[in-house]
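K.L.:
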Amino acid sequence: PESPDESGARPVYLDYAAAVATGANAAHYQATRKLAKEREGLPSPPVRVQLGRDADVARCLASAERGDRVLSHLEPFGRDVERQSFMCTARGGFSLLVSVESQPCYSNAFIELVQAPRTEKETLLTTGAIGEVCDRLLAQDVVSAFALTAIDDHDLGAAFLINGFKRSGFLQGHLLQHGERKDAFLWSRKLAQPDGPTGRDQDF
């Protein structure tokens, strides 16, 4: 299909290992790891997290649309799910909506960010926001969490790596951002484990 949002047939990778370990995918992952190593331990201003309201969700989606920064429109990902939103704010005007779709029967959570950070400072604050939300989920007895980022979004991928997520999958053409289909890395983390927030990707 000519348009990324049209139905139709597209070529897929038959060799998953080759698709992830070679070419642009491997280069993007290495760039993400390098960025995470450089930023891990950098000081970040405190981030305040509170439950978001429907009005907050609508406002943040509209703002992201106007700025062409939308990462997700929060479409349902699974079945029989519950969704909650967290408003993450910090001094200087930082505001980020983090939405979480959960399946109580599996005690898991799909973490979505409505908009992308624009600067290194916003990226550090986003990293802190992800950590705070993970702490909230752990307090709710959520066992595991996962997220998706475009493979060329090194900033956001590094934010998840720093928070103990590891790359656990690759989805070809899964994301629709800025009018084009993008490959995605799947990031996952066990929240309820002895290592807790300090757990790290072995490769990282």
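Residues in the sequence shown are numbered consecutively from 12, following our numbering.
Idealized CB from N, CA, C, for every residue including glycine.
Give the DSSP bridge partners of Asn174, in chain order.
P.N.:
Looking up residue 174 in the sequence shown gives position 163. Answer by DSSP bridge pairing: none, since Asn174 is not bridged.
K.L.:
I'd like to check one pair, Phe105 with Leu124: are the Cβ atoms closer than 8 Å?
P.N.:
For the purposes of this step, residue 124 is taken as the residue at position 113 of the sequence shown. For the purposes of this step, residue 105 is taken as the residue at position 94 of the sequence shown. No, these two residues do not count as a Cβ contact at 8 Å.
K.L.:
Kindly indicate which residue of Ala195, Lys48, Ala75, Val144 has the alpha-carbon position closest to the one of Met98.
P.N.:
On the sequence shown, position 87 is the one that residue 98 refers to. Considering only alpha carbons, the answer is Val144.
K.L.:
Extract the residue ranges of the alpha helix (DSSP H) inside the segment 47 to 105, only unbroken runs of 4 or more that lie entirely within it.
P.N.:
Listed in chain order, the complete alpha helix (DSSP H) runs (minimum 4 residues) inside the segment 47 to 105 are 65 to 77.
K.L.:
Using the rule of at least 16 other Cβ atoms within 10 Å of the residue's Cβ for burial, across every protein chain shown, is Asp214 buried or exposed?
P.N.:
Reading the sequence shown from its first residue, position 203 is the one you call residue 214. Annotation note: pLDDT 49 at Asp214 (below 50); position unreliable, no value reported.
K.L.:
Would you say the segment 115 to 122 touches the segment 75 to 85, given that touching needs at least three Cβ pairs under 8 Å?
P.N.:
With a cut-off of 8 Å, the segment 75 to 85 and the segment 115 to 122 do not count as touching, because too few Cβ pairs lie within range.
K.L.:
Rounded to whole angstroms, what is the Cα-Cα separation between Ala35 and Ser83?
P.N.:
Walking along the sequence shown from the start, residue 35 turns up at place 24. Walking along the sequence shown from the start, residue 83 turns up at place 72. Their backbone Cα atoms lie some 23 Å apart in a straight line.
K.L.:
List in chain order: all unbroken alpha helix (DSSP H) runs of 4+ residues lying wholly within the segment 145 to 169.
P.N.:
Here no run is fully enclosed.
K.L.:
Roughly how many angstroms separate the alpha carbons of Gly63 and Leu108, rounded to a whole number?
P.N.:
One-based indexing of the sequence shown puts residue 63 at position 52. One-based indexing of the sequence shown puts residue 108 at position 97. So the two alpha carbons sit approximately 8 Å from each other.
K.L.:
Using the three-state DSSP reduction, which class does Arg211 fall into: helix, strand or coil?
P.N.:
Taking the sequence shown and counting its residues from 1, the one referred to as residue 211 is at position 200. Because Arg211 sits at a pLDDT of 48, beneath the cut-off of 50, its placement in the model cannot be relied upon, and the following sentence gives the value as read from the coordinates. DSSP places Arg211 in coil when its eight states are reduced to three.
K.L.:
According to the neighbour-count rule (16 or more other Cβ atoms, all chains shown, within 10 Å of its Cβ), is Pro54 buried or exposed?
P.N.:
As a position in the sequence shown, residue 54 is number 43, starting the count at 1. Exposed, by the Cβ-count rule.
K.L.:
Taking CB distances under 8 Å as the criterion, tell me whether Gly184 reaches chain C.
P.N.:
Looking for chain C here will not work: only one protein chain is present.
K.L.:
Checking the sheet assignment: what are the DSSP bridge partners for Arg192?
P.N.:
Residue mapping note: residue 192 aligns to position 181 of the sequence shown, counting from 1. Bridge partners of Arg192: Leu187.
K.L.:
With a threshold of 16 other CB atoms inside 10 Å of the CB of Arg200, please say whether the residue is buried or exposed.
P.N.:
As a position in the sequence shown, residue 200 is number 189, starting the count at 1. Its Cβ being crowded by 16 or more others within 10 Å, Arg200 is buried.
K.L.:
Compute the beta-carbon to beta-carbon distance between Leu197 and Phe171, rounded to the nearest angstrom, for a pair I have assumed lies under 8 Å.
P.N.:
As a working mapping, residue 197 is identified with position 186 in the sequence shown. As a working mapping, residue 171 is identified with position 160 in the sequence shown. Contact doesn't hold; Cβ gap of about 10 Å is too wide.
K.L.:
Near Ile173, which residues of its chain fall below 6 Å by C-beta distance, leaving aside the five closest residues on each side in sequence?
P.N.:
Working through the sequence shown from its first residue, we reach residue 173 at position 162. These residues qualify, in order along the chain: Ala47, Glu51, Thr138.
K.L.:
Counting only the same chain and skipping the five closest in sequence on each side, list residues whose C-beta sits under 6 Å from that of Ile122.
P.N.:
Translated into the one-based positions of the sequence shown, residue 122 becomes position 111. Once the five neighbours on either side are set aside, the close Cβ partners of Ile122 are Val111, Ala156, Ala158.
K.L.:
Where His6 and Thr134 are concerned, what is the direct C-alpha to C-alpha distance, given to the nearest angstrom?
P.N.:
Given a span of 12 to 215 for the chain in the structure shown, any question on residue 6 remains unanswerable.
K.L.:
Going by the CB atoms, is the gap between His39 and Ile162 shorter than 8 Å?
P.N.:
Here the question's residue 162 lines up with position 151 in the sequence shown. Here the question's residue 39 lines up with position 28 in the sequence shown. Yes, these two residues count as a Cβ contact at 8 Å.
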